[in-house]
Amino acid sequence: MMTNESEKSPAEFVCGWGSAFVNITVTFPINKVMFRQQLFGVRTFAALRQLQTEGLTHLYRGFFPPLIQKTASMTLMFGMYYKCRNHLNKQHPEGSVIFHSVIAASFAGALEALLLPFERIQVLMQDKNYNHRFNNARHAARELRSIYGVTEFYRGSSAILLRNCGSNILFFLVRDYVMDTLPPPDTVLERTTQDFICGAALGASLSTLFYPVNVVKVKMQSKVGGKFEGLLHTLRVVQEERNHSLRKLFRGVHINFTRSFLSWGIVNATYEFLMVHLFHRSSRRGNLVDS
Numbered sequence: 001m002m003t004n005e006s007e008k009s010p011a012e013f014v015c016g017w018g019s020a021f022v023n024i025t026v027t028f029p030i031n032k033v034m035f036r037q038q039l040f041g042v043r044t045f046a047a048l049r050q051l052q053t054e055g056l057t058h059l060y061r062g063f064f065p066p067l068i069q070k071t072a073s074m075t076l077m078f079g080m081y082y083k084c085r086n087h088l089n090k091q092h093p094e095g096s097v098i099f100h101s102v103i104a105a106s107f108a109g110a111l112e113a114l115l116l117p118f119e120r121i122q123v124l125m126q127d128k129n130y131n132h133r134f135n136n137a138r139h140a141a142r143e144l145r146s147i148y149g150v151t152e153f154y155r156g157s158s159a160i161l162l163r164n165c166g167s168n169i170l171f172f173l174v175r176d177y178v179m180d181t182l183p184p185p186d187t188v189l190e191r192t193t194q195d196f197i198c199g200a201a202l203g204a205s206l207s208t209l210f211y212p213v214n215v216v217k218v219k220m221q222s223k224v225g226g227k228f229e230g231l232l233h234t235l236r237v238v239q240e241e242r243n244h245s246l247r248k249l250f251r252g253v254h255i256n257f258t259r260s261f262l263s264w265g266i267v268n269a270t271y272e273f274l275m276v277h278l279f280h281r282s283s284r285r286g287n288l289v290d291s
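Numbering of the sequence shown is given in the UniProt record's numbering, commencing with residue 1 and proceeding in unit increments.
Dropping the structure here:
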C-alpha cells in the first residue's frame, strides 16, 4: 500500500529521467544504424558503411533531440503511469487493478506523444538526405516552423500513438507481474541482474512486435511538406517499395532486438537501482527497501 509520503514523492519521475539519460548515451550509435535500415531497407553492413563514410563528426549528429525527448518520455512514462495507477487504485479500490493499469499506461503513452516534435527532428537529423539542408536540430526546427507551420512537427502522430499506448499497456502489465513474482535477491548484483533481464527480455519482445509500426513511423516522418499520409496508406507504400516482402519489412529487426535488449535492460536496471538507492523503494512487492 502506498503511503501519503510516497504518493507525493517525485521518485518515479526522477528515476525515469535518470534511466533514460544513461540509456540514450550508450545506445545512440546502435539506434542510428537501425534507423538507416528502417528508412532505406539496407543491410547492417551497408548502414555501417554509410556512417563510416560520413565520419565521426556525424556519428552523434542529432543526439540532443533524442536525449531531450527520451529523458522527458521516460519521465512521463514511469512517473505518470505509477501516479495515475496508484490514484485509480486508491479512489476506486473495488475496481480491477488490471483495468486501472491499462488506463494509466494509455494515459502515460498519450502524454508521451506530446513530445513528438523531438522525435520528428531526430528523424530529419539522421536522414542523410537532409545532411546538407539542415545544419543542426535548431535549424531544422526553425525551417519547419517558418515554412510549413507547427502541424509539420506532428507528422506521424497516428503511428506514435499506436506504438506508445500499445507498448505501454503490455510493458507495464507484464513488468508489474514479473517484478512481483521475482525471488527476493540476496545481493545488489543479483537484484541488478534480475532487473536487467526482466527489462531486456520484455523490451526486446515488444520492440520486435511493434517494429513494423516504427518502420511506418519513420517513413511518415522522413517526408517534409506536402500531404499528410495516414498510417495504413504509408504501410501500403512501404510494402510496395519492399515488394510486399515481410522479410524486407522487418529488415533491421535483429539489430533492433539487440539494441532494445540492451536499452530496456539498462532502463529497467537503472530505474530500479536509482529507486532503491535514492528513495529506498522498489517496484517489487513490498515496495519499501531497507536502507
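Each residue gets a CB set at the ideal place from its N, CA and C atoms; glycine is no exception.
Predicted, not measured: the structure shown is a model, and the values here were computed from it.
- DSSP places R43 in the coil class of the three-state scheme, outside both helix and strand.
- Comparing C-alpha distances from G265 to each of R138, V216 and D195 shows the shortest one belongs to D195.
- CA-CA distance, I121 to R284, rounds to 37 Å.
- Out of T44, F28, G16 and N135, the CA that lies nearest to the CA of K248 is found in T44.
- A check of alpha carbon separations from N31 across F228, P185, M125 and R236 identifies M125 as the nearest.
- If you draw a straight line from the Cα of P184 to the Cα of E190, it comes to about 9 Å.
- DSSP places L56 outside any alpha helix (DSSP H), giving it a letter other than H or E.
- Pairing Y82 with R142, the inter-Cα distance amounts to about 36 Å.
- Residue state for R284 is assigned as coil, using DSSP reduced to three classes.
- Residues of the same chain with a CB within less than 8 Å of the CB of L48, apart from the 5 flanking positions on each side, are V33 in chain order.
- For E229, there is no enclosing alpha helix (DSSP H), as DSSP marks it with neither H nor E.
- In the displayed model, G95 falls within coil according to three-state DSSP, outside both helix and strand.
- Three or more Cβ pairs drawn from the segment 217–234 and the segment 146–157 lie within less than 8 Å of each other, which places the two stretches in contact.
- Following the DSSP letters along the chain, one finds T151 in no alpha helix (DSSP H), marked with neither H nor E.
- Looking at the backbone, the Cα of E241 and that of G41 are separated by about 9 Å.
- DSSP places T187 outside both helix and strand once states are collapsed to three, so it counts as coil.
- Per DSSP, N164 is one residue of the alpha helix (DSSP H) stretching across S157 to T181.
- In the three-state reduction of the DSSP assignment, F107 falls in the helix class, which pools H, G and I.
- Of the candidates S282, E229 and C15, C15 places its Cα closest to the Cα of L76.
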